[in-house]
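Encoded as structure tokens, the structure appears first; notes follow it.
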Amino acid sequence: KLHVANLNGNRLSGTIPSSLSEMTTLEVLDLFNNRFSGSIPESLQRLTFLSMFSVANSSLSGRIPSGGQFQTFPDSSYEGNDFFLLQLDSMSSRYTPDERRPSTSETDYSD
């Protein structure tokens, strides 16, 4: 069973095959730095074990699938493509900022 598919930098072209969704044990799918066309197949949402995914700098366009693991990957997984920018902005909002810590100038040292 295949758990890692590292295909980055291979200058692959054409569309991302939807048949990749049949590799249900994949945990890593790295398609960074290729020359794909089209969009990310919706069928890849079936890869429920994915913990790392990247199509950065791969000449893709369209929409990023909104289901499955795709909501958990950082924006850097999608950089350098022509995805709809509004979608990337809305995905960024799912991250909550760290709790704000007071700076030394805000710390009250009085007793």
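Residue numbers for the sequence shown follow this note's numbering, so the first one is 33 and each next one is one higher. Cβ atoms here follow ideal geometry from the backbone N, Cα and C, with glycine treated the same way.
>> Looking only at its chain, what residues have a beta carbon closer than 8 Å to the beta carbon of N113, apart from the 5 residues adjacent to it on each side?
In response: Short of 8 Å from the beta carbon of N113, and not among the five residues preceding or following it, lie these beta carbons of its own chain, in chain order: V87, A88, N89, S90, S91, L92 and S93.
> How big is the Cα-Cα spacing for L52 and L76?
Replying inline: 7 Å
> Looking at the unbroken beta strand (DSSP E) that takes in S86, where does it start and where does it end?
Replying inline: M84 to S86
>> DSSP three-state label for G46, please.
In response: Here G46 sits in strand by DSSP.
>> Does F115 pass the burial test, meaning 16 or more other C-beta atoms within 10 Å, or should it be called exposed?
In response: buried
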